[in-house]
Amino acid sequence: MNQPLARHERGEAMFKHVFGREPRPGSYPDFLQLTIDHLFGEIWTRPHLSVEERELIALTAVTLARTDWELRGHIGAALHLGMSQEKIVEIIIQLAYYGGWPVANNGLRIAQEVFAELATGKDADHDQ
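Position 48 of the sequence shown, counting from 1, maps to 65 under the numbering used here, and the rest follow consecutively.
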């Protein structure tokens, strides 16, 4: 098996492990391939950090960046990987000290929306 194919297969497997589903092709298939191959096939599969620790980092980063779409997806991933709603809320509350109250307020709002959507059976991550 050649290395690019192996990296892509590792990336798809890791993505499915993290999000609990196959990657969904969007408007930019080249960007999705880069994401799967590099981010999930190389970065997320590196040693020394668990998948759960990597998700904690990703959740923190997208909360601080105020990237609502990605935050929705990573809240779903954190839940899929076994993180409780209470733990996710506590992470976002602590981020108020590092990113500011508006960042935490936004993150808590998004978390509340995702939790409510999951409770009603809606697809909380939409087309990510």
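Idealized CB from N, CA, C, for every residue including glycine.
Each of D47, H55, R38 and F48 was checked against the Cα of G28, and the nearest Cα belongs to H55.
Distance between I108 and A23, taken at the CA atoms: about 34 Å.
If the five residues before and after H97 are omitted, its C-beta is found closer than 6 Å to the C-beta atoms of G37, all from its own chain and listed in chain order. Listed in chain order, the beta strand (DSSP E) runs fully inside the segment 48-110 amount to none, counting runs of at least 3 residues. Secondary structure at K33: helix, using DSSP grouped into helix, strand and coil.
Of all C-beta pairs linking the segment 120-140 to the segment 85-96, three or more are shorter than 8 Å, placing the two stretches in contact. Only residues of its own chain outside the window of five on either side were considered, and among them H91 and A95 have a CB closer than 6 Å to the CB of L76, listed in chain order. P40 sits in coil when the DSSP states are folded into three classes, being neither helix nor strand. A direct Cα-Cα distance of roughly 15 Å separates I127 from S101. Note that the C-beta distance between T80 and G116 is below 9 Å.
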